[in-house]
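Participant: Sequential numbering from 170 applies to the sequence shown in the numbering used here.
Pasting a structure below so you can have a look.
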Amino acid sequence: MSTLIKNGRIITADQDYIADIYIEKEKITTIGSNLKIKADNVIDAKDKFVIPGGIDAHTHLDMPFGGTTSCDDFENGTRAAAFGGTTSIVDFAIQTKGSKMREALDTWWAKVEGKATTDYGFHMIITDLPDADIEDMSDMVKEGITSFKLFMAYPGVLMVDDATIFKALKHTAKTGALVCMHAENGNVIDLIVQEALAQGKTAPIYHALTRPTTAEAEAVN
């Protein structure tokens with residue numbers, strides 16, 4: 170299947186120009202003016218912008234948390250993304266404490282199978298990293314999971330200790346993978362949240378007010 174986009178105003182990070190784009194087997198093969206190429210599908214993009222598809226590197230689709238599940242699954246979530254011009258997402262596979270990363274990844278593959286309308290990938294949220302499982306991180310990298318999320322918040326659910334953070338950082342230094350940190354003082358935040366709940370402060374604004382900047386500053390310094 171081939172597509173020719175004619176007369177579009179192409180916008181990239183550093184360029185703005187009128188040209189045609191020829192796409193073959195889902196890959197852009199030629200960009201030029203007044204292309205004379207036969208295509209299965211021809212789109213006249215005159216007076217329209219043609220821009221690269223957006224990448225949303227932080228999504229939470231079909232995610233269970235705190236007794237709820239996020240309202241969008243991989244079908245309607247990726248469809249909404251595509252309508253807005255986002256053509257790739259990176260979601261989070263969540264390892265539950267005591268389980269293996271492989272189990273988490275298999276669970277999220279099952280969630281997305283046959284549903285996604287955009288390209289997608291996964292970060293891996295690590296909640297448990299015994300020494301015997303460190304090489305599992307290398308296996309994830311080989312399969313294209315090249316970033317790992319670690320939490321300093323949500324004790325008992327997602328939060329990991331400093332030793333786990335240190336081990337993960339040491340291992341990713343060897344593999345070239347990326348560590349993403351959720352940096353807050355989770356124990357302090359939990360105490361502030363409990364005080365707010367006891368006072369009946371449950372309006373949405375208190376989600377922000379129970380997570381003061383000092384709790385983040387303490388975690389990153």
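We treat Cβ as the ideally placed atom computed from N, Cα and C, and that holds for glycine.
1. So for residue 259, helix, strand or coil by DSSP?
2. To test your reading of the DSSP string, which unbroken beta strand (DSSP E) runs of 3 or more residues are found completely within the region 234-311?
3. Please determine, among 306, 304, 373 and 253, the residue with the shortest C-alpha to C-alpha distance to residue 287.
4. Give the C-beta separation of residue 358 and residue 322 to the nearest angstrom, bearing in mind that I take them to be a contact with Cβ-Cβ under 8 Å.
5. Evaluate residue 389 with the Cβ neighbour count: other Cβ atoms within 10 Å of its Cβ, from every protein chain shown; 16 or more gives buried, anything less gives exposed.
6. Going by Cα to Cα distance, which pick from 220, 310, 184 and 369 is closest to residue 346?
7. Could you check where the alpha helix (DSSP H) with residue 329 kicks off and where it finishes?
8. Okay, do the region 317-337 and the region 272-282 touch, 3+ Cβ pairs below 8 Å being the bar?
9. Taking 7 Å as the cut-off, is the beta-carbon of residue 276 closer than that to any non-hydrogen atom of the ligand SAH?
10. Mark residue 379 as exposed unless 16 or more other C-beta atoms lie within 10 angstroms of its C-beta, in which case mark it buried.
11. Looking only at its own chain, which residues have a Cβ that is under 8 Å from the Cβ of residue 244, when we skip the five neighbours before and after it?
12. Extract the residue ranges of the beta strand (DSSP E) inside the region 199-233, only unbroken runs of 3 or more that lie entirely within it.
13. Count the other CB atoms, across all protein chains shown, that sit within 10 Å of the CB of residue 336; report buried if there are 16 or more and exposed otherwise.
14. Within 10 angstroms of its Cβ, does residue 278 collect 16 or more other Cβ (buried), or is it exposed?
15. Would you mind stating whether residue 298 and residue 333 have Cβ atoms separated by less than 8 Å?
16. Excluding sequence positions up to five away, which residues of its chain have a Cβ less than 8 Å from the Cβ of residue 324?
17. If you draw a straight line from the C-alpha of residue 348 to the C-alpha of residue 212, how long is it?
Facilitator: Let me lay it out:
1. For this step, residue 259 is matched to residue 90 along the sequence shown. Residue state, collapsed to three classes: strand.
2. 255-263 and 288-294
3. As a first step, residue 287 is located in the sequence shown; it is residue number 118 there, counting from the start. Nearest option by C-alpha distance: 253.
4. For the purposes of this step, residue 358 is taken as the residue at position 189 of the sequence shown. For the purposes of this step, residue 322 is taken as the residue at position 153 of the sequence shown. Going by Cβ atoms, the distance from residue 358 to residue 322 rounds to 6 Å, so yes, they are a contact pair.
5. Within the sequence shown, numbered from 1, the residue matching residue 389 stands at position 220. Exposed.
6. Start at 1 with the first residue of the sequence shown, and residue 346 comes out as number 177. Comparing Cα positions, the closest option is 310.
7. Along the sequence shown, read from residue 1 onward, the residue named residue 329 stands at position 160. Note, residue 329: premise wrong, no alpha helix (DSSP H); not H, not E.
8. no
9. Among the components modelled here there is no ligand, and therefore nothing to report on the ligand SAH.
10. Position 210 of the sequence shown, counted from the start, is the residue given in the question as residue 379. With 16 or more other Cβ atoms within 10 Å, it is buried.
11. Position 75 of the sequence shown holds residue 244. Excluding sequence neighbours, residue 244 sits near 284, 285 and 286.
12. 210-213 and 223-225
13. Position 167 of the sequence shown holds residue 336. Burial call: buried.
14. For the purposes of this step, residue 278 is taken as the residue at position 109 of the sequence shown. So residue 278 counts as exposed.
15. One-based indexing of the sequence shown puts residue 298 at position 129. One-based indexing of the sequence shown puts residue 333 at position 164. Against a cut-off of 8 Å, the Cβ pair of residue 333 and residue 298 comes out as a contact.
16. Counted from its first residue, the sequence shown places residue 324 at position 155. Answer for residue 324: 355, 356 and 359, listed in chain order.
17. Against the sequence shown, residue 348 aligns to sequence position 179. Against the sequence shown, residue 212 aligns to sequence position 43. The alpha-carbon atoms of residue 348 and residue 212 are separated by roughly 41 Å.
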